[in-house]
Amino acid sequence: MAPYCEKLISTKVPFVYFGKRPEADMVENNMEKKVNETLVRRTYEIFIGLEDADDATRSALLDFSMHMAGMNVDSAYKSLQNITNKAVWMSLARMCVITERLDMVMLCLGKMQNAMAARAVQQSMLKEKQPKLHLAELAVQLEMISCQFCVCLLKDHAVKLLTECQRYDVLNRLYQARNDWTKAIEIAEKYDRIHLKNTYYAYAKHLQSSEEWEAAVEYNDRNLLHWWARYLESLGDIKAAKKYYQKVEDTQSVVRLLCHIEEHDTAMKVAMDTKNKAACFYLAQYYENANQKETSLKFYTLAESYGNAIRICKEVGMVDEITQLAMLGTKKDMIDAAKFYEEEGLHVDQAVMLYHKAGMFAKALDLAFSTGELSALNLIAVEVNDKMDPAILKRFAEFFIQNHQYLKAVQALANARQAYNTQRIEIICLNLTTLSEFLPHAATRNELLKKLADYCTQQGQYYNAAKKYIQSGNEILGMKALLRSGDKDKIVFFANTARSREIYIMAANYLQTLNWKAHPDIMNNIVLFYKRGRAMDLLASFYKFNTQRHQPHYELFFTWGLAMALAPSHNNALVHAAHMSNAANIEIEECQNYEHAMSALYQALEYLEKSGEASASDNTRVLRQEIHGRISTIKKFTDLKKLLETNRSEAIVRLVDMTGTKGEETTVKVRDIYALLINDCLRNNESEKVKSTCKLSTFYATDLINWFVPGLMQRRNEACFLTFKATVK
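Count along the sequence shown starting at 1, add 848, and that's the number in this note's numbering.
Structure follows, in structure tokens:
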């Protein structure tokens, strides 16, 4: 809807009526007419020029439009069989162009009896394969016989069709035929440059026919204008010559003339605005001859004459600018600049970089190593790849090793195919994490990793050796290397992650060599690893060897535990019970910690309850009763220790009674009872009672000195300790 239309009022074929905005202006044409100040009448496109057609024609056109919209060509054709009005067929031909329906074009032209248009469209169909080009040809033909409004409509549609199919050559000819030379030249300059000179020539001919001679000269042969400018210059008419040089865009000649008439600022402005290389080069030479070196350097750079710019820098001592100019120039410029730096002994790092950029890697390396310019060598090292000379790569590897860049050293050696021949591999392997990036073949990589691990082992770097063995898939060798390193935490960690029976057993065997009695976590790991490694015989041997058996009952217990461990149908709960009973013995024998011993015995009872059918055996019942008895005795002793703080006299009497009670001395050591009594006397400064107690315990004198004295009496009363020791002896 047009902007000056407000709303739809009514429709009656072939018209549509709209309300007009009061403040809006409109221009009437064949499609839209103003009925009054408030009403606008618009004609359907298919009825333009047929507003006064009879009802039969209107009905036929409506049927035709309906069938064409439904892609029913046969029905559309039948609906127009009785139409003989050429204006109707003219309107239908325009609709074929607008709706791009090429299938009805020839029918419409035949009914119109327009042989010239039909021939033009047929020739277009024979020469060109683009349907839109055929429609554009039809639009051009219809322009010549249509009303003014339809001409504008067809003109725009022809341009649209030719632009969509990118036939700018035809569009150029179309604009020329319409005498629209501005658009024709614009199209030729932007899209149809192959016909640009032809377009200029045609326009010049058009101007000649219009007797516009000066304009025609500009669009004729440009060489003629250039000759004319030179001719005027030879006559001394500098102003006119400059004008024609500008017309042919000869910037160098314009700058030359400006310098001749000493308009230097204007010449510099023209050269810098146009960035014409020839003009900049002329100015550079001009100012060099005038001994204005810095200005000359500026214009040599703008002209991209970097060799001359470098020469000027050398002459005026601007050595810091040479590198930047050489990097912008050719390889020859880079090499010349690098040689200058090398000969003068200035900016050797820049010389190394320039040699490298020019492709002279060997020269760059020689200069860097001979002068010690390692910073420049680091820049070159970034571009190391397998296409470089192996000798150069080996030198890079040496450089990386010296600077502790081991990963890069391996990359250089791998690129040089020297991974097996280098003598420095034992240094690299200590810092290498993976070779998969450089050696993609698994067999080759694993072989090299094993060799690296062997080197590490020879140098005593067991942890690094273990890493390489594991990476190469040799877990057993890796575990052996870890064992040699002596790192308990790493050994335990690796055993837990490896999940291998052999590694579990190796780890447990190693942990037995440590002070596991003072570190319960080590003892737990020993038991755990033997169990995971299904080495119950080794676990039973560990129990038997490390347990002090002073009474027949305990010997029976551990012999039975060994038999259970060796039996094929052993029960893990029984093994745990044996382990906890062993822990209780250790707490009593070595630590005198009866509270911990009692906790271990309670745990042993829990494991015996979990032993299933084995708990019903006679040996198990005897052991359960034995453990209950030991727990009862230990609890009695710990209660008396607490009673000693509140009711000292009663506690002492009952403790002395315990020393003579049969059976209890197998659980609570008599030496520990006497040690507790002596400690109480020392705490209360009762030296005489110490002597009397010592007389009662002369049988345990050696045990008392070895177990009790070093850890306690020296800290409390050294005088009493000496008395005690003399009494015992």
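We treat Cβ as the ideally placed atom computed from N, Cα and C, and that holds for glycine.
Because the structure is a prediction, the values reported are computed rather than measured.
TODO: Taking only beta-carbon positions, decide if Ala968 is within less than 7 Å of chain D.
DONE: Looking for chain D here will not work: only one protein chain is present.
- [ ] Rounded to whole angstroms, what's the CA-CA distance from Cys853 to Val861? Just pull it up for me.
- [x] Rounded to whole angstroms, Cys853 to Val861 spans 19 Å at the Cα level.
Task: C-alpha gap between Ile1109 and Glu1152, whole angstroms - done: A straight-line Cα-Cα distance of about 26 Å links Ile1109 and Glu1152.
Open item on the list: Relative to the C-alpha of Leu1072, which candidate in Tyr1092, Leu1083, Ser1082, Leu1055 has its C-alpha closest?
Closed with: The shortest Cα separation from Leu1072 among Tyr1092, Leu1083, Ser1082, Leu1055 belongs to Tyr1092.
TODO: Note down the Cα distance separating Val864 from Arg906, rounded to an integer number of angstroms.
DONE: The straight-line gap from Cα to Cα measures roughly 15 Å.
TODO: Classify Arg1581 as helix, strand or coil using the three-state DSSP reduction.
DONE: The requested residue 1581 does not occur in the structure, where the chain is confined to residues 849 to 1577.
- [ ] Note down the Cα distance separating Cys944 from Leu1176, rounded to an integer number of angstroms.
- [x] Computed Cα separation, rounded: 60 Å.
TODO: Give me the Cβ distance between Cys1304 and Ala1313, rounded to the nearest whole Å; I'm assuming they're in contact under 8 Å.
DONE: Contact between Cys1304 and Ala1313 holds, since their C-beta atoms are separated by about 4 Å, short of 8 Å.
- [ ] Please find out if some non-hydrogen atom of the ligand PLP comes closer than 6 Å to the beta-carbon of Ile1240.
- [x] Among the components modelled here there is no ligand, and therefore nothing to report on the ligand PLP.
- [ ] Sort out for me which residues DSSP pairs Asn884 with in a bridge.
- [x] For Asn884, the beta-bridge partners assigned by DSSP are Leu887.
- [ ] Identify the continuous alpha helix (DSSP H) that holds Cys1128 and give its terminal residues.
- [x] Element bounds for Cys1128: 1125 to 1137.
Task: DSSP bridge partner residues for Cys859 (one or two, in chain order) - done: The sequence given here has Thr at residue 859, not Cys. For Thr859, which the question treats as bridged, DSSP gives the partners Val864.
Task: Reference Lys1490, options Tyr1130, Glu1060, Val1516, Leu1524, closest by Cα - done: In terms of CA proximity to Lys1490, Leu1524 leads the group Tyr1130, Glu1060, Val1516, Leu1524.
TODO: Tell me whether Met964 is buried or exposed, calling it buried when 16 or more other Cβ atoms sit within 10 Å of its Cβ.
DONE: Classification for Met964: exposed.
Open item on the list: Using only the alpha-carbon positions, how far apart do Leu812 and Gln1056 sit?
Closed with: The structure shown has nothing for residue 812, since the chain only spans 849 to 1577.
Open item on the list: Do Ile1339 and Leu1330 have their beta-carbon atoms positioned less than 7 Å apart in this structure?
Closed with: Their beta carbons are under 7 Å apart, which means Leu1330 touches Ile1339 by this criterion.
- [ ] Measure the beta-carbon distance from Arg1332 to Tyr1352 and round it to whole angstroms, keeping in mind my assumption that it falls under 8 Å.
- [x] Your pair Arg1332 and Tyr1352 does not check out as a contact, with CB atoms roughly 18 Å apart and the cut at 8 Å.
Task: Proximity below 7 Å, CB of His1074 to CB of Val1096 - done: For His1074 and Val1096, yes; Cβs fall inside 7 Å.
Task: Boundaries (first-last residue) of the alpha helix (DSSP H) holding Val1340 - done: Looking at the DSSP string, the run of the alpha helix (DSSP H) that includes Val1340 is 1336 to 1346.
- [ ] Can you say whether Gly867 is buried or exposed, counting buried as having 16 or more other CB atoms within 10 angstroms of its CB?
- [x] Counting of Cβ neighbours within 10 angstroms places Gly867 among the exposed residues, the total staying below 16.
TODO: Indicate the three-state DSSP secondary structure (helix, strand or coil) for Met1327 in the structure shown.
DONE: DSSP places Met1327 in helix when its eight states are reduced to three.
TODO: Would you decide whether Ala904 is buried or exposed? Buried here means 16 or more other CB atoms lie within 10 Å of its CB.
DONE: Residue environment: Ala904 is assigned as exposed (fewer than 16 neighbouring CB atoms within 10 Å of its CB, all protein chains considered).
Task: Buried/exposed call for Ala1239, threshold 16 Cβ in 10 Å - done: Ala1239 counts as exposed, since fewer than 16 other C-beta atoms from the protein chains shown sit within 10 angstroms of its C-beta.
Task: Reduced DSSP secondary structure (H/G/I, E/B, other) of Ile1109 - done: Three-state DSSP puts Ile1109 in coil, outside helix and strand.
- [ ] Could you check what DSSP says for Lys1365 in three-state terms: helix, strand or coil?
- [x] Three-state result, Lys1365: coil.
TODO: For Ala1346, collect the residues of the same chain with a Cβ closer than 6 Å to its Cβ; drop the 5 residues on either side in sequence, then sort them by chain order.
DONE: So the qualifying residues of the chain are Glu1323.
- [ ] Compare the C-alpha of Arg889 against each of Leu909, Ser858, Ser913 and name the closest.
- [x] Nearest C-alpha to Arg889: Ser858.
TODO: Assign Asp1121 to one of three DSSP states: helix, strand, or coil.
DONE: Helix.
TODO: May I have the straight-line CA-CA distance separating Lys1484 from Asn1372, to the nearest angstrom?
DONE: Cα to Cα, the separation comes out at about 29 Å.
Task: Boundaries of the alpha helix (DSSP H) in which Asn1020 is found, first to last residue - done: Run containing Asn1020: 1016 to 1025, per the alpha helix (DSSP H) assignment.
TODO: Ignore the nearest five residues each way along the sequence and tell me which others in Ala1343's own chain have a CB closer than 7 Å to its CB.
DONE: Answer for Ala1343: Ile1351, Tyr1352, Ala1355, Phe1377, listed in chain order.
Task: Proximity to Gln832 [Cα-Cα], best of Val1518, Gly1508, Leu1503 - done: The chain is shown from 849 up to 1577; residue 832 falls before or after that span and cannot be answered.
- [ ] With a 10 Å radius around its C-beta and 16 neighbouring C-beta atoms as the bar for buried, classify Glu1081 as buried or exposed.
- [x] Glu1081 should be labelled buried.
- [ ] Compute the Euclidean distance between the alpha carbons of Leu887 and Leu856, then round it to the nearest angstrom.
- [x] Counting only the Cα atoms, Leu856 lies some 10 Å from Leu887.
Open item on the list: Please report the distance separating the alpha-carbon of Asn1533 from that of Ile1526.
Closed with: Near 10 Å, if we compare the C-alpha coordinates of Ile1526 and Asn1533.
Task: 7 Å Cβ cutoff met for Lys1316 and Leu1296 - done: Between Lys1316 and Leu1296, the CB-CB gap reaches or exceeds 7 Å.
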